[in-house]
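In what follows, a single structure is set out as structure tokens and then discussed.
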Amino acid sequence: MSIKESKAVGFDHHHAVVIGAGMAGLLAGRILSDHFDYVTFVERDRLAEDAGARRGIPQGQHIHVLLNKGASLLTELFPDLPAALAQRGAPHVDGIADVRWYHFGVWKTRFPSNIKGYSQSRPFLEQSVRRCLSTKANVRFIDQCEVTRLCANDDTTRVTGVHLRHRHGEFSEEELAADLVVDASGRGSQAPQWLVSLGYEKVKESRVKVDIGYASRIYRRPKELPVDWKVLVIYPTPPNGKRAGSVLPIEDNTWIVSLTGRLRDYPPNDEAGFLDFARSLPEPTLYKVIKDAEPLTPIAIHRFPANQWRHYEGMSRFPGGLVILGDALCSFNPIYGQGMTTAILEASILNECLCQQRGFHTGGKGTGLAQPLQKALAKAVGVPWLLATSEDFRYPETEGHRPPGVRLLNWYTGRVHKLAGSNPRATLSFYEVVHMLNPPMVLLALPILFAVLFKGQRPRR
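Numbers 955 to 1415, taken from the working numbering, label the letters of the sequence shown in order.
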């Protein structure tokens, strides 16, 4: 649809465009559908009806965890989603009782908890969310189409739409007008270059290099398996151990098994190498449960070079009518499972800011929204960034700016990790931080602090 056509059907001041139909884009679009008359998603990939992996989500074939905080917020946005996931076979998991987690040389204690949710593959969750969103009358998807640049007003103070190139059939180009453009196109976002072409400064970027490699495949879940867990996690003890592995139950009575290695100690993608890597983990349970299991897919690999944070909140100027979020803003080491939940938190912040800036929907064009929103988004990603990068800095080979106090922080949290092998109070607080239900400061509660400093004591739960 051209700018002229969009105005003719009433899109002027009432149209939002989302670049990217991954999880961050879908969640932002769900929020926008409550504030704008029309929401258009523009996606490079073909959006198939099935829940298969797609090129634009290269990490989609590997383990993804929806943390409890994210699951709760997602249910608020899509109340029918839990029932839909259950109906289609997603297992229900207690995030403590059903999780067998080996870390820092100990198994974390397990007990029934309120940290519960469904476990599913990333493509399955994304497809389920997209189906829910597709039922809204003011939402449409344009797939096999890429955004090549931003459109702006004469003085480039405001983004007014996007320039499109359709990729199916004969290539064609057009402009699509919008009152708000949300870039949720992922790590490969072109927003830094687009802003420079409009006369803005180059955005500053923080990077913490980790060189993580994934190898994953799906197995049929064995019917007769004498285990008392649903999720298995095997992590090493830093800084010597670099290899990890996880087993996650997903839809269709299957497992997804992911092996990871950091600092270029990548797991291989051949059958023998995959099993040898699993056998080399610091605890043998994972190897034992997959060595005779039936694989259903080839081994998929993925490389993740670095945590990356683009500091749009620090730019001296930023155009109105543009929001950048999801991995296009900040992407974390995926081993910690924070990405999807952070995207949901960002969508909630977008909603709050739109509620405060009704000018978008009343013809005021909302020029004051963009920069305050980017600052609010930056504040939201600060905690998961600290949690991810501080864990990465346990390895001296990790490259990047080490914040003051990270060594002391890692000493303390390392003690908490070990304490979680015998202390239910420490275990519960640890999981609440991991699932973003509480801030990291809860790990400094006096009973835990006392147990860390005077190791022989066990505070009550």
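Just so it is clear, CB atoms sit at the ideal spot from N, CA and C, and this is done for glycine as well.
(message) According to DSSP, is Gln1292 part of a helix, a strand, or is it coil?
(response) What you label residue 1292 is simply residue 338 of the sequence shown in a count that begins at 1. If DSSP states are grouped into helix, strand and coil, Gln1292 belongs with coil.
(request) Indicate whether Ile1210 and His1016 have their beta-carbon atoms separated by less than 9 angstroms. (result) Stepping through the sequence shown from its first residue, residue 1210 is reached at position 256. Stepping through the sequence shown from its first residue, residue 1016 is reached at position 62. For Ile1210 and His1016, yes; Cβs fall inside 9 angstroms.
(message) For the alpha helix (DSSP H) containing Ile1253, name the first residue and the last one.
(response) For the purposes of this step, residue 1253 is taken as residue 299 along the sequence shown, with counting starting at 1. Looking at the DSSP string, Ile1253 is not in any alpha helix (DSSP H), and its letter there is neither H nor E.
(request) Given a cut-off of 9 angstroms, decide if Arg1161 and Asn1261 are closer than it, judged by their beta-carbon atoms. (result) To locate residue 1261, count along the sequence shown from 1; it is residue 307. To locate residue 1161, count along the sequence shown from 1; it is residue 207. Yes, they are a contact pair.
(request) Can you have a look at Ala1106 and say buried or exposed, based on whether 16 or more other CB atoms are within 10 angstroms of its CB? (result) Taking the first residue of the sequence shown as 1, we reach residue 1106 at position 152. Counting Cβ neighbours within 10 Å, Ala1106 comes out buried, since at least 16 surround it.
(request) Use the C-beta contact count for His968: other C-beta atoms within 10 angstroms, 16 or more gives buried, fewer gives exposed. (result) Position 14 of the sequence shown holds residue 968. Around the beta-carbon of His968, 16 or more other beta-carbon atoms lie within 10 Å, marking it buried.
(message) Can you tell me whether Ser1088 is helix, strand or coil according to DSSP?
(response) One-based indexing of the sequence shown puts residue 1088 at position 134. Note: Ser1088 maps to helix in three-state DSSP.
(request) Reducing DSSP to helix, strand and coil, say where Phe995 ends up. (result) Taking the sequence shown and counting its residues from 1, the one referred to as residue 995 is at position 41. Residue state, collapsed to three classes: strand.
(message) Using only the alpha-carbon positions, how far apart do Gly1410 and Val1370 sit?
(response) Start at 1 with the first residue of the sequence shown, and residue 1410 comes out as number 456. Start at 1 with the first residue of the sequence shown, and residue 1370 comes out as number 416. Residue placement at Gly1410 is flagged as unreliable, the pLDDT there being 49, under the threshold of 50; a coordinate-derived value is accordingly withheld.
(request) Along the beta strand (DSSP E) that carries Pro1203, what are the first and last residues, could you check? (result) In the sequence shown, counting from the first residue as 1, residue 1203 sits at position 249. Here the beta strand (DSSP E) through Pro1203 covers Arg1197 to Ile1204.
(request) Buried or exposed for Leu1087, please, with buried defined as at least 16 other CB atoms from any protein chain shown within 10 angstroms of its CB. (result) Position 133 of the sequence shown, counted from the start, is the residue given in the question as residue 1087. Burial state of Leu1087 is buried, judged by a 10 Å Cβ sphere holding 16 or more other Cβ atoms.
(message) Please report the distance separating the alpha-carbon of Val963 from that of Asp991.
(response) As a first step, residue 963 is located in the sequence shown; it is residue number 9 there, counting from the start. As a first step, residue 991 is located in the sequence shown; it is residue number 37 there, counting from the start. Residue confidence for Val963 is low, a pLDDT of 37 falling below 50, so the modelled location carries little weight; the figure read from the coordinates is stated next. Approximately 11 angstroms, taken between the alpha carbons.
(request) Out of Thr1295, Ala1324, Leu1391 and Ala1145, point me to the one whose CA is closest to Lys1158's CA. (result) Walking along the sequence shown from the start, residue 1158 turns up at place 204. Per the Cα distances, Ala1145.
(message) Please classify Met1294 as buried or exposed, where buried requires at least 16 neighbouring CB atoms within 10 angstroms.
(response) For this step, residue 1294 is matched to residue 340 along the sequence shown. So Met1294 counts as buried.
(request) Would you list the residues sitting across from Tyr1189 in a DSSP beta bridge? (result) Residue numbering aside, residue 1189 sits at position 235 when the sequence shown is read from its first letter. DSSP, once it has assigned bridges, lists no residue as partnering Tyr1189.
(message) For a minimum of 4 consecutive residues, which ranges assigned as the alpha helix (DSSP H) are wholly contained in the region 1361–1395?
(response) 1378–1388
(message) Looking at the secondary structure, which residues open and close the beta strand (DSSP E) in which Tyr1072 lies?
(response) Here residue 1072 refers to the residue found at position 118 of the sequence shown. Run containing Tyr1072: Lys1070 to Tyr1072, per the beta strand (DSSP E) assignment.
(request) State yes or no: is the C-beta of His1018 within less than 9 angstroms of the C-beta of Leu1079? (result) In the sequence shown, residue 1018 corresponds to position 64, counting from 1. In the sequence shown, residue 1079 corresponds to position 125, counting from 1. Taking 9 angstroms as the Cβ cut-off, His1018 and Leu1079 qualify as a contacting pair.
(message) Using 9 angstroms as the threshold, is the C-beta distance between Val972 and Val1136 below it?
(response) Locating residue 972 in the sequence shown gives position 18, where the first residue counts as 1. Locating residue 1136 in the sequence shown gives position 182, where the first residue counts as 1. Closer than 9 angstroms, so yes.
(request) Determine which residues share a DSSP beta bridge with Asp1048 and list them. (result) Counted from its first residue, the sequence shown places residue 1048 at position 94. Answer is Lys1070, bridged to Asp1048.
(message) Counting C-beta neighbours from all protein chains within 10 Å, is the total for Phe1228 16 or more, i.e. buried, or is it exposed?
(response) Working through the sequence shown from its first residue, we reach residue 1228 at position 274. Buried: at least 16 other Cβ atoms inside 10 Å.
(message) Going by DSSP in three states, Pro1259 sits in which element: helix, strand or coil?
(response) Walking along the sequence shown from the start, residue 1259 turns up at place 305. The answer is strand: DSSP assigns Pro1259 an E or B state.
(request) Kindly confirm or deny that the region 1163–1174 and the region 1048–1055 touch, where touching means at least three C-beta pairs closer than 8 angstroms. (result) no
(request) From the DSSP output, read off the bridge partner residues of Thr1214. (result) What you label residue 1214 is simply residue 260 of the sequence shown in a count that begins at 1. Looking at the DSSP assignment, Thr1214 forms a beta bridge with Tyr1168 and Ala1198.
(request) Answer with buried or exposed for Cys1309, where buried requires no fewer than 16 other C-beta atoms within 10 angstroms of its C-beta. (result) The residue labelled residue 1309 in the question sits at position 355 within the sequence shown. Taking every protein chain shown into account, the CB of Cys1309 has fewer than 16 other CB atoms within 10 angstroms, so this residue is exposed.
(request) Have a look at Leu1028, Gly974, Trp1339 and Val1396 and flag the residue whose alpha-carbon is nearest the alpha-carbon of Thr994. (result) To locate residue 994, count along the sequence shown from 1; it is residue 40. Looking at the Cα atoms, Gly974 is the closest of the given residues.
(request) Tell me, please, which residues DSSP counts as bridged to Val1136. (result) By one-based count along the sequence shown, residue 1136 stands at place 182. Note: Val1136 sits in a beta bridge opposite Val972 and Val1277.
(request) Quick one: grab the DSSP three-state call for Trp1183. (result) Taking the sequence shown and counting its residues from 1, one reaches residue 1183 at position 229. Of the three classes helix, strand and coil, the one that applies to Trp1183 here is coil, per DSSP.
(message) Counting C-beta neighbours from all protein chains within 10 Å, is the total for Lys1242 16 or more, i.e. buried, or is it exposed?
(response) Within the sequence shown, numbered from 1, the residue matching residue 1242 stands at position 288. Exposed, by the Cβ-count rule.
(request) Would you kindly work out how many angstroms separate the C-alpha atoms of Thr1296 and Gln1311, rounded to a whole number? (result) Taking the first residue of the sequence shown as position 1, residue 1296 is located at position 342. Taking the first residue of the sequence shown as position 1, residue 1311 is located at position 357. C-alpha separation (whole angstroms): 22 angstroms.
(request) Could you check what DSSP says for Phe1314 in three-state terms: helix, strand or coil? (result) Working through the sequence shown from its first residue, we reach residue 1314 at position 360. Reliability of the predicted coordinates at Phe1314 is poor, the pLDDT of 43 falling under 50, and the value obtained from them is presented with this limitation in mind. DSSP places Phe1314 in helix when its eight states are reduced to three.
(message) Does Thr1102 come out as helix, strand or coil in the three-state DSSP assignment?
(response) Stepping through the sequence shown from its first residue, residue 1102 is reached at position 148. Three-state DSSP puts Thr1102 in a strand.
(message) I need the straight-line Cα distance from Leu1449 to Leu1276, nearest angstrom please.
(response) A question about residue 1449 goes unanswered here, because the residues of the chain that appear run from 955 up to 1415.
(message) Mapping the DSSP letters down to three states, classify Gly1115 as helix, strand or coil.
(response) Looking up residue 1115 in the sequence shown gives position 161. Here Gly1115 sits in strand by DSSP.
(request) Give me the Cα-Cα distance between Ala1324 and Pro1273, rounded to the nearest whole angstrom. (result) If you number the sequence shown from 1, residue 1324 lands on position 370. If you number the sequence shown from 1, residue 1273 lands on position 319. Between Ala1324 and Pro1273, the C-alpha separation is close to 7 angstroms.
(message) Could you tell me the alpha carbon to alpha carbon distance between Gly1059 and Pro1190, rounded to whole angstroms?
(response) Here residue 1059 is taken as the residue at index 105 of the sequence shown, counted from 1. Here residue 1190 is taken as the residue at index 236 of the sequence shown, counted from 1. Linking Gly1059 to Pro1190 through their CA atoms gives a straight-line distance of about 7 angstroms.
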